[in-house]
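Each remark here refers to the structure printed beneath this line.
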Amino acid sequence: MTDQVVDTGGVQVSAQVSEGNQFLGRTRELKELRADIARAGLDTLSGRKSPRARVLLIAGRPGSGRTALAVELARQVADRYADGVLRARLSEPDGTPVPVERTARELLTALDRPTPPGAAADDLTAALRKALADRRVLLLLDDAAEAEQVDALLPDAPECLVVAVSGGPLTGISDVRPCTLGGLDTKSAVELLSRYAGSVRITVDPRSAEGLVEVCQGQPAALMLAGGWLAARPKAAVSDLAKQLRAEGDEGTPLDRVFRLAYASLSVPAARMLRLLSLAPGGLVDPHTASALAGSSVDSARTTLDNFVALGMLHAVDSPLPQYVVPGCLHAHLKARTETQDRPAELQLARARMLERTVRLLQSCRAITETDSPETRQKLLDMPQALRFPNPRAAADWLSIRRPALLASARAAVADGELDTLARRLMSQLVRAMVVHVGTQAAAGDLYDIHGLVLDVAERRNLHREKAAALLNLGDVDARTGRTKAALARYRAALDAGREGNDPYATGRAMESVGGAHLELGDYDRATDWFGRALAQRLARDERADAARLYGRIATAHTYAGGYGEALRNWRAAVAGYRKLGDVAGHARALSELARVQEYAGRPEESLRTCQEAVELARRAEDTRLQGALYLRLADTLEHLGDPAAAQLHRGAAERMLGEEVQGPDAAGPAPEQDTFGPEQDANACEIRSASAED
26 MTDQVVDTGG VQVSAQVSEG NQFLGRTREL KELRADIARA GLDTLSGRKS
76 PRARVLLIAG RPGSGRTALA VELARQVADR YADGVLRARL SEPDGTPVPV
126 ERTARELLTA LDRPTPPGAA ADDLTAALRK ALADRRVLLL LDDAAEAEQV
176 DALLPDAPEC LVVAVSGGPL TGISDVRPCT LGGLDTKSAV ELLSRYAGSV
226 RITVDPRSAE GLVEVCQGQP AALMLAGGWL AARPKAAVSD LAKQLRAEGD
276 EGTPLDRVFR LAYASLSVPA ARMLRLLSLA PGGLVDPHTA SALAGSSVDS
326 ARTTLDNFVA LGMLHAVDSP LPQYVVPGCL HAHLKARTET QDRPAELQLA
376 RARMLERTVR LLQSCRAITE TDSPETRQKL LDMPQALRFP NPRAAADWLS
426 IRRPALLASA RAAVADGELD TLARRLMSQL VRAMVVHVGT QAAAGDLYDI
476 HGLVLDVAER RNLHREKAAA LLNLGDVDAR TGRTKAALAR YRAALDAGRE
526 GNDPYATGRA MESVGGAHLE LGDYDRATDW FGRALAQRLA RDERADAARL
576 YGRIATAHTY AGGYGEALRN WRAAVAGYRK LGDVAGHARA LSELARVQEY
626 AGRPEESLRT CQEAVELARR AEDTRLQGAL YLRLADTLEH LGDPAAAQLH
676 RGAAERMLGE EVQGPDAAGP APEQDTFGPE QDANACEIRS ASAED
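Given below as structure tokens:
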């Protein structure tokens, strides 16, 4: 039994756990844990129904096989939990607790219950409890650093079971009896040793094997390393290894002593690569990561990684792509060796190479979708073969599989503080790749987090333009998810940053977005004021298309306020603007909205003429949906004017165009101007423009 059962994405969901066929020993512990599931709790003894899920705690040092025991328990009882097994890792490899809101969001996504980007931790945990309230789920929480992490995620559902794994007791969670792990029993430990070292030497010298188990104190991780050491030396006797370990003395744990011996036996390049793997974000490694860290070829890096797996120093992940995870029990050992054997400048260079490789892979991931462009095709051809993707599907699969590592890379790059230029490039390319392959809406949660990281870097470096861009993007997400007041605060801060950075694009966007937020809040006077400020800037810069759109937004605010005269004046200005630009579709839509306001103002004859003009323009623009909507409006106007026969003809034409039965003039109409807080655009364009000029 080992600690090699891992999850690489933070959260996994499955109907059952399949790794149990590799499990060894722990019969007594499993029996006690299974009995503990059915044990009467304190609430039951007092006559009350338990309000929350039962919590089982498996405690032990890293390398004790605690995760493997939790997974085996989950496998054995999974059939009792019809809604599956959820797994989440609550600590980073270096022991840093994972924020509760991140874990809750990932669990909700696994349950197909996505939540608004940027939601607070309390909202997310409440949503998680609600999602689990009517389910029967087993929740496996690995590497819990503190009781608060587990408590925040506990379902309010007695039918659920929580299996928590930690290094010790989780004080503060009631009615929990920890199952504390020691070493494996001798028989199981010897079998684990033989899996790595081979059975021949173990069979011919069982006493030495038992002696080696005793030296390792039955600790699975130590036995794996010992078995890997023997496997690499077919002529070495088991007794020889036991003697060497005894000669090490009593300094440190058995794992410390075995690791020192195993590490010392590596070649200089292999040892260097192994300790540099401690820099891999989230402990997740692939051949590209290892290659960049060590400065070797991708093929040689993969060979070395596979050798580490055979030596018990690395765990392979069951994945369509070659992926590996650094065992948490070895992370501290590797980090300590980088601090003593590598100069800080060398480590920083290794991090920079890793981030640069990730940036180039993300560029390739996005570029494979844009091969219609000769320039993009040439960029792809100029890339090394190892960085190219054969097709867009392969690139999308890579992005999906490596998503946890990519997000961890962005967080680590920002936390580093000394590689901000690379961090900005990485985040820019990650945003672009996600938008292309996943879509803005589907990736909204990740994009919100990335924009927050961009803001951190911008504030740290006093990059006003990038700060404005990040605030605008965050504000847009807040606006789309109904947090209008939060969006307004973001937009005002973006306006200040844009002015400090002398960025007219950002200031114009911010003023318009402030106006949109006030419009949504029903403050029409302030909305028209801010739209007017944005319009003045657009006119001063001769940005005619934006000016035409802003005339429409001002008209919309006046319409909501009941100021039809001002609304008509501004819609006519918008119509004139689109006409001068030669934008037939925009001209048609502006006329459509003008006709709407004319009808509100009690001018049906004018509305009829305007609608007819708009229909002709919509036909020229080949906008069938707008044509259908205008026919519906014509039908409604004709009914008001006492011509039901003509109204019916137009309604029939609209239904044929729209392909469905529609009633009312606005049922299939164009989206009103007030639905967006800022100009229609890619939600990430601002961040990309300011953070990725080199691309």
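Mapping of the sequence shown onto the numbering used here: residues 26 to 720, in sequence order. Idealized CB from N, CA, C, for every residue including glycine. In this text the structure is predicted, and so the values were computed from the model without any measurement.
Three-state secondary structure (DSSP) of Arg656: Residue identity differs from the one stated: residue 656 is Tyr in this sequence, not Arg. If DSSP states are grouped into helix, strand and coil, Tyr656 belongs with the helices.
message: Suppose contacts are defined by Cβ-Cβ distances below 8 Å. Is Ala93 in contact with Asp167 by that definition?
response: no
- request: Would you check if there are 3 or more beta carbon pairs closer than 8 Å linking the segment 504 to 520 to the segment 545 to 555?
  value: Yes, the segment 504 to 520 is in contact with the segment 545 to 555.
Gly320 versus Thr205: straight-line alpha-carbon distance, rounded: Their Cα atoms are separated by approximately 42 Å.
query: For Ala438, which option in Val479, His462, His489 has the closest C-alpha, if you only look at C-alpha atoms?
result: Val479
- prompt: Just reading off the beta strand (DSSP E) that Ile83 is part of, what are its end residues?
  reply: Here the beta strand (DSSP E) through Ile83 covers 79 to 84.
field: CA-to-CA distance, Ser292 to Glu216, given in whole angstroms
entry: 28 Å
message: Three or more C-beta pairs under 8 Å: does that hold for the segment 103 to 111 against the segment 150 to 167?
response: yes
field: Opposing strand residues paired with Ala341 [DSSP bridges]
entry: According to DSSP, which records beta bridges pairwise, Ala341 is partnered with Tyr349.
- prompt: Applying the criterion that 16 or more other CB atoms from any shown protein chain within 10 Å of the CB defines a buried residue, is Val550 buried or exposed?
  reply: The question names Val, but residue 550 is Asp in the sequence shown. Asp550 comes out exposed.
query: Which residues share a DSSP beta bridge with Ala169?
result: Ser191
- prompt: For Arg114, which residues does DSSP report across the bridge?
  reply: Asp167
Buried or exposed (CB count within 10 angstroms, at least 16 for buried), Pro294: Classification for Pro294: exposed.
message: I'd like to know if Pro180 contacts chain C, where contact means its C-beta is closer than 8 Å to some C-beta of that chain.
response: Absent here is chain C; the protein component of the structure consists of one chain.
- prompt: According to the neighbour-count rule (16 or more other Cβ atoms, all chains shown, within 10 Å of its Cβ), is Ala244 buried or exposed?
  reply: Sequence check: residue 244 is Gln here, not Ala. By the 10 Å Cβ count, Gln244 comes out buried.
query: From Gly252 to Tyr221, what distance separates their C-alpha atoms?
result: Gly252 and Tyr221: Cα-Cα distance of roughly 5 Å.
- prompt: Do Ala156 and Leu186 come within 8 Å of each other at the CB atom, strictly closer than that value?
  reply: It is not a contact, given that the beta carbons lie outside the stated cut-off.
- prompt: Going by beta carbon distance, what residues of the same chain come within less than 8 Å of Met385, once the five residues before and after it are set aside?
  reply: Per the sequence shown, the amino acid found at residue 385 is Arg instead of Met. So the qualifying residues of the chain are Met408, Leu412.
query: Taking the alpha carbon of Gln721 as the point to measure from, which residue in Asp324, Thr363, Ala315, Asp311 has its own alpha carbon closest?
result: Within the shown structure, residues of the chain are numbered from 26 to 720, placing residue 721 beyond reach of any answer.
Inter-stretch contact at 8 Å, needing at least 3 Cβ pairs: the segment 528 to 542 / the segment 487 to 497: yes
Span of the alpha helix (DSSP H), counted from its first residue to its last, around Pro429: 417 to 441 is the span of the alpha helix (DSSP H), which, as asked, contains Pro429.
message: Buried or exposed for Leu330, going by 16 or more other Cβ atoms inside 10 Å?
response: buried
- request: Name the residue from Glu184, Arg91, Pro142, Thr52 whose alpha carbon lies nearest to the alpha carbon of Ala467.
  value: Pro142
query: Cα-Cα, which of Arg160, Ala63, Thr196, Asp445 is closest to Ala84?
result: Thr196
message: Suppose the cutoff is 8 Å on Cβ atoms and the five residues either side in sequence are ignored; what does the same chain contact list for Ala145 look like?
response: Glu126
Every unbroken alpha helix (DSSP H) inside the segment 85 to 109 [4 residues or more]: 91 to 102
- prompt: Tell me which same chain residues have a C-beta within less than 8 Å of the C-beta of Val102, skipping the five on either side of it?
  reply: Only Arg59, Ile62, Leu163, Leu186 meet the Cβ criterion.
field: Given Arg428 as reference, the closest of Gly307, Arg86, Asp567 once Cα atoms are compared
entry: Gly307
task: Return helix, strand or coil for Gly72, following the three-state DSSP convention.
output: Any reading at Gly72 must be qualified, since the residue scores a pLDDT of 44, below 50, and its modelled position is unreliable; the value itself is stated next. Note: Gly72 maps to coil in three-state DSSP.
Exposure label - Gly526; buried when at least 16 CB within 10 Å: buried
task: Use the C-beta contact count for Ser224: other C-beta atoms within 10 angstroms, 16 or more gives buried, fewer gives exposed.
output: exposed
query: Which value, in whole angstroms, describes the spacing of the CA atoms of Gly337 and Ala357?
result: 16 Å
Beta-carbon contacts of Ala552 that lie in its chain and below 7 Å, excluding the five residues immediately before and after: Gly540, His543, Leu544, Ala582
- prompt: I think Gly611 touches Tyr576, with their Cβ atoms under 8 Å apart; what is that distance to the nearest whole Å?
  reply: Contact doesn't hold; Cβ gap of about 11 Å is too wide.
Straight-line gap, Asp661 to Leu655 (C-alpha atoms, nearest Å): 10 Å
- prompt: Should the segment 297 to 306 be regarded as contacting the segment 260 to 276, the criterion being three or more beta carbon pairs within less than 8 Å?
  reply: no
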